[in-house]
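With the working numbering as the guide, the letters of the sequence shown map in order to residues 1 to 460. Following: one structure in structure tokens, then a few remarks.
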Amino acid sequence: MSLYKVFLQNVLFPIDAYLSGKGKLFQYRREFEATQYLPPDEIRRLNWQRLQAILYHAYAKIPFYRKSFDAAGVTPDDVQAESDLLRLPILEKYQVQDHLDELVVPDWPKHDLMIDQTGGSTGTPVRYYRSMDRNISREAATWRHNHWAGWDICDKAAALWGARRDMEQPTRLLSRFRSFFLDRTILLNTAVFNESDALAFNERLKTYRPKCILGYANALVVFAFILKERNVTAYTPFSIISSAEMLSPENRKIIEDVFGCKVYNRYGSRETSIIASECDRHEGMHLMAEGLHVELLVNGRHAQPGEMGEVVVTDLLNLPMPLVRYRIGDTARWYDKPCSCGRGLPMLAELTGRVTDFLVTDNGSLCSGASLTALVVAWRPTLKQIQIYQERQGEVVFRIASGQGNPLPDDDLDFVREKSAIYLGKGTKVEFEFVDEIPKTASGKSLFSISKAAPYQFAE
Numbered sequence: 001m002s003l004y005k006v007f008l009q010n011v012l013f014p015i016d017a018y019l020s021g022k023g024k025l026f027q028y029r030r031e032f033e034a035t036q037y038l039p040p041d042e043i044r045r046l047n048w049q050r051l052q053a054i055l056y057h058a059y060a061k062i063p064f065y066r067k068s069f070d071a072a073g074v075t076p077d078d079v080q081a082e083s084d085l086l087r088l089p090i091l092e093k094y095q096v097q098d099h100l101d102e103l104v105v106p107d108w109p110k111h112d113l114m115i116d117q118t119g120g121s122t123g124t125p126v127r128y129y130r131s132m133d134r135n136i137s138r139e140a141a142t143w144r145h146n147h148w149a150g151w152d153i154c155d156k157a158a159a160l161w162g163a164r165r166d167m168e169q170p171t172r173l174l175s176r177f178r179s180f181f182l183d184r185t186i187l188l189n190t191a192v193f194n195e196s197d198a199l200a201f202n203e204r205l206k207t208y209r210p211k212c213i214l215g216y217a218n219a220l221v222v223f224a225f226i227l228k229e230r231n232v233t234a235y236t237p238f239s240i241i242s243s244a245e246m247l248s249p250e251n252r253k254i255i256e257d258v259f260g261c262k263v264y265n266r267y268g269s270r271e272t273s274i275i276a277s278e279c280d281r282h283e284g285m286h287l288m289a290e291g292l293h294v295e296l297l298v299n300g301r302h303a304q305p306g307e308m309g310e311v312v313v314t315d316l317l318n319l320p321m322p323l324v325r326y327r328i329g330d331t332a333r334w335y336d337k338p339c340s341c342g343r344g345l346p347m348l349a350e351l352t353g354r355v356t357d358f359l360v361t362d363n364g365s366l367c368s369g370a371s372l373t374a375l376v377v378a379w380r381p382t383l384k385q386i387q388i389y390q391e392r393q394g395e396v397v398f399r400i401a402s403g404q405g406n407p408l409p410d411d412d413l414d415f416v417r418e419k420s421a422i423y424l425g426k427g428t429k430v431e432f433e434f435v436d437e438i439p440k441t442a443s444g445k446s447l448f449s450i451s452k453a454a455p456y457q458f459a460e
């Protein structure tokens, strides 16, 4: 390790963290680094204690949960084993959309509530609140999981990303200072990019030499395809982290072959942050069990080993707005063997769910479907659920399930047209189709965007 990196990690970063009110970041990091190696039984015990605590908290403090628990005829006292959780109601995304204020502790200090919203990659955007403390614990969890892929604090990194909130360049002097010296991440905006953008970014990678590349799964695949087709030597980082979309074994191989390094698969959501990710053994994905309780459901019961089940998550650390038994919209199965790395964290083996094609803009550039969810759909929660279909370049159809047959305000449709022109081009024709629901595929995948015009297609 260079003296410069030692200075950044041990002097500049801690100073910045404390000045930013994130001094507890180091406490959480020490905790998560230690607890990951506890025996499985001890991790389960810690997870269950925090689950019971959040159930009592939600029932006592939050009107929505008291009503829903009472309607189901159950109280936290009745939840003494995993099977008892099945008596509690599931929290659906539409309920968070419709009852946001009722899901927050009424007297929680307003200055401590940070509002955020999902990118809508399942086609259903959701707004929610989290506390500053939960923001810090999420950051600590992210750094722990980054460390498994060899990416440490203050390492140089690169990102193929398209969510607007993550792409905006800092304007304040302190934020620019933090970005240059501490974040040290260069970005390729995959909201809209083309072949020349990809080739130029590859050359920039060779000059900047980041240790890790983080990217949307399908953006990484397209990037790899472009370099391979142009017979261009790709920059080889130490590792690549694939996130935000499902990573198939075939696409993992394409990325690893082109970039010459291992891919670390990661699963998470904006609402919960990291749910699970791979360590260097790549035997499955370790759950963030210190902060989340995960259930896999099959027809109202818990999945058995080997069974695919719907992912239901309870956030154990977000006190102002805990999401209790929240249905994410993905499916997974348990990995029922201990990982050879020695960590006692439970593991997911296989994951299916969010799939997005790239869309073709009016000038032939590519627009990431995953990015478009964050850039357009997520800003209009009244859209409820949406799917973008493209038969040919220059035309798209927004299939909208508005929910309960309610008509959409004209300004919502105008907003979609306006934003689509920015990312898909002014020459792209936008049409709307209103449907009762947007079905999943037979394998349980939610297809947010489907393009028959794109050169690289991923959706079923």
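We put the beta carbon where it would ideally sit given N, CA and C, even for glycine. It should be emphasised that the depicted structure is a prediction, and the values quoted were computed from it without experimental measurement.
Starting from Gln-387 and walking both ways along the beta strand (DSSP E), at which residues does that stretch end?
On the sequence shown, residue 387 is found 387 positions in, with the first residue counted as 1. Counting along the chain, the beta strand (DSSP E) containing Gln-387 begins and ends at 385-390.
Between the region 265-284 and the region 182-200, do three or more beta carbon pairs fall short of 8 angstroms?
Result no; under three Cβ-Cβ pairs closer than 8 angstroms.
Locate the alpha helix (DSSP H) running through Glu-139, then write down its first and last residues.
Walking along the sequence shown from the start, residue 139 turns up at place 139. Element bounds for Glu-139: 132-148.
Per the contact definition of three or more C-beta pairs closer than 8 angstroms, is the region 389-400 in contact with the region 353-371?
Flag = yes, the region 353-371 and the region 389-400 touch.
Have a look at Ser-20 and Phe-13 and give me their C-alpha separation to the nearest angstrom.
On the sequence shown, position 20 is the one that residue 20 refers to. On the sequence shown, position 13 is the one that residue 13 refers to. Looking at the two C-alpha atoms, the distance is approximately 10 angstroms.
Just to check my reading of the structure: Thr-498 and Glu-290 have Cβ atoms closer than 8 angstroms, yes? What is that Cβ distance to the nearest angstrom?
No answer is possible for residue 498: the residues shown for the chain start at 1 and end at 460.
So, for Ser-243: in the same chain, excluding its five sequence neighbours on each side, which residues have a beta-carbon less than 6 angstroms away from its beta-carbon?
Along the sequence shown, one-based indexing puts residue 243 at 243. Within the same chain, Ser-243 has close Cβ partners Arg-266.
Taking just the CA atoms, how far does Ile-450 sit from Asp-101?
On the sequence shown, residue 101 is found 101 positions in, with the first residue counted as 1. On the sequence shown, residue 450 is found 450 positions in, with the first residue counted as 1. Approximately 34 angstroms, taken between the alpha carbons.
Is it buried or exposed for Arg-325, if we count other Cβ within 10 angstroms and need 16 for buried?
Taking the sequence shown and counting its residues from 1, one reaches residue 325 at position 325. By the 10 Å Cβ count, Arg-325 comes out buried.
Rounded to a whole number of angstroms, what is the C-alpha to C-alpha distance between Met-167 and Lys-262?
To locate residue 167, count along the sequence shown from 1; it is residue 167. To locate residue 262, count along the sequence shown from 1; it is residue 262. Confidence at Met-167 is low in this model, with a pLDDT of 49, below 50, so its placement is unreliable and no value can be given for it.
Would Asn-10 be called buried (16 or more neighbouring beta carbons within 10 Å of its own) or exposed?
Counted from its first residue, the sequence shown places residue 10 at position 10. Exposed is the call here.
Between the C-alpha atoms of Glu-139 and Trp-148, what's the straight-line distance to the nearest angstrom?
Numbered from its first residue, the sequence shown carries residue 139 at position 139. Numbered from its first residue, the sequence shown carries residue 148 at position 148. In a straight line, the C-alpha of Glu-139 is about 15 angstroms away from that of Trp-148.
Quick test of your reading: Ile-213 and Ala-158, contact by CB under 8 angstroms. State the CB separation rounded to the nearest angstrom.
By 1-based counting over the sequence shown, the position of residue 213 is 213. By 1-based counting over the sequence shown, the position of residue 158 is 158. Rounded, the Cβ-Cβ distance is 5 angstroms, consistent with contact.
Please confirm whether Ser-420 and Val-435 have their CB atoms less than 9 angstroms apart.
Reading the sequence shown from its first residue, position 420 is the one you call residue 420. Reading the sequence shown from its first residue, position 435 is the one you call residue 435. No, they are not a contact pair.
What do you reckon, are the CB atoms on Met-321 and Val-6 nearer than 9 angstroms?
In the sequence shown, residue 321 corresponds to position 321, counting from 1. In the sequence shown, residue 6 corresponds to position 6, counting from 1. No, Cβ-Cβ distance for Met-321 and Val-6 is not below 9 angstroms.
How close, in whole Å, do the beta carbons of Leu-227 and Ala-219 come, if the pair is a contact with beta carbons under 8 angstroms?
Position 227 of the sequence shown, counting from 1, holds the residue named residue 227. Position 219 of the sequence shown, counting from 1, holds the residue named residue 219. Not a contact, Cβ separation roughly 13 angstroms.
Looking only at C-alpha atoms, which of Met-132, Lys-211 and Ala-60 sits nearest to Asp-77?
The sequence position of residue 77 within the sequence shown is 77, counting from 1. Taking only the C-alpha atoms, the option nearest Asp-77 is Ala-60.
Under the rule that 16 or more other beta-carbon atoms within 10 Å means buried, what is Met-114, buried or exposed?
Residue numbering aside, residue 114 sits at position 114 when the sequence shown is read from its first letter. Exposed, by the Cβ-count rule.
Does DSSP classify Gln-393 as helix, strand or coil?
Along the sequence shown, read from residue 1 onward, the residue named residue 393 stands at position 393. Coil.
Run the CB neighbour count on Glu-418, radius 10 Å, all protein chains shown included, and call it buried at 16 or more, exposed below.
Residue mapping note: residue 418 aligns to position 418 of the sequence shown, counting from 1. Exposed.
Keeping to the same chain, check which residues put their C-beta closer than 8 angstroms to that of His-57; ignore five residues upstream and five downstream.
Indexing the sequence shown from 1 puts residue 57 at position 57. Around His-57: Leu-319 and Pro-322.
When DSSP labels each residue in this structure, what does Lys-61 get in the three-state scheme?
For the purposes of this step, residue 61 is taken as residue 61 along the sequence shown, with counting starting at 1. Here Lys-61 sits in helix by DSSP.
Per DSSP, which one or two residues make a beta bridge with Thr-236?
For the purposes of this step, residue 236 is taken as residue 236 along the sequence shown, with counting starting at 1. In the DSSP output, where bridge partners are listed per residue, Thr-236 has none listed.
If we ignore side chains and look at the alpha-carbon of each, how far apart do Trp-108 and Arg-127 end up?
Position 108 of the sequence shown holds residue 108. Position 127 of the sequence shown holds residue 127. Their backbone Cα atoms lie some 17 angstroms apart in a straight line.
Between Arg-44 and Ser-131, what straight-line distance do the alpha-carbon atoms span, to the nearest angstrom?
Position 44 of the sequence shown, counted from the first residue, corresponds to residue 44. Position 131 of the sequence shown, counted from the first residue, corresponds to residue 131. Roughly 25 angstroms separates the two Cα atoms.
Alpha helix (DSSP H) containing Ile-255: first to last residue?
To locate residue 255, count along the sequence shown from 1; it is residue 255. First-last of the alpha helix (DSSP H) with Ile-255: 249-259.
Would you tell me roughly how many angstroms separate the C-alpha atoms of Asp-315 and His-293, rounded to the nearest one?
Locating residue 315 in the sequence shown gives position 315, counting from the first residue. Locating residue 293 in the sequence shown gives position 293, counting from the first residue. Answer to the nearest angstrom: the Cα atoms are 7 angstroms apart.
Can you tell me which of the three DSSP states Lys-228 falls into?
Taking the first residue of the sequence shown as 1, we reach residue 228 at position 228. Reduced to three states, the DSSP call for Lys-228 is helix.
Mapping the DSSP letters down to three states, classify Trp-48 as helix, strand or coil.
On the sequence shown, position 48 is the one that residue 48 refers to. If DSSP states are grouped into helix, strand and coil, Trp-48 belongs with the helices.
Is the beta carbon of Glu-256 closer than 9 angstroms to that of Ala-217?
Translated into positions along the sequence shown, residue 217 becomes position 217. Translated into positions along the sequence shown, residue 256 becomes position 256. Taking 9 angstroms as the Cβ cut-off, Ala-217 and Glu-256 do not qualify as a contacting pair.
Is it right to say Thr-185 is buried, meaning 16 or more other beta carbons lie within 10 angstroms of its own, or is it exposed?
Sequence index remark: in the sequence shown, residue 185 carries index 185 (1-based). Buried.
Relative to the C-alpha of Tyr-94, which residue among Arg-87, Met-308, Leu-86 and Leu-103 is closest?
In the sequence shown, counting from the first residue as 1, residue 94 sits at position 94. The option with the nearest alpha carbon to Tyr-94 is Leu-103.
Mind checking which residues open and close the alpha helix (DSSP H) that includes Thr-428?
Your numbering for residue 428 matches position 428 in the sequence shown. Looking at the DSSP string, Thr-428 is not in any alpha helix (DSSP H), and its letter there is neither H nor E.
Got a sec? Which residues, its chain only, sit under 7 angstroms from Ala-349 by beta carbon, not counting five neighbours each side?
The residue labelled residue 349 in the question sits at position 349 within the sequence shown. Hits under 7 angstroms: Gly-284, Arg-333, Trp-334 and Tyr-335.
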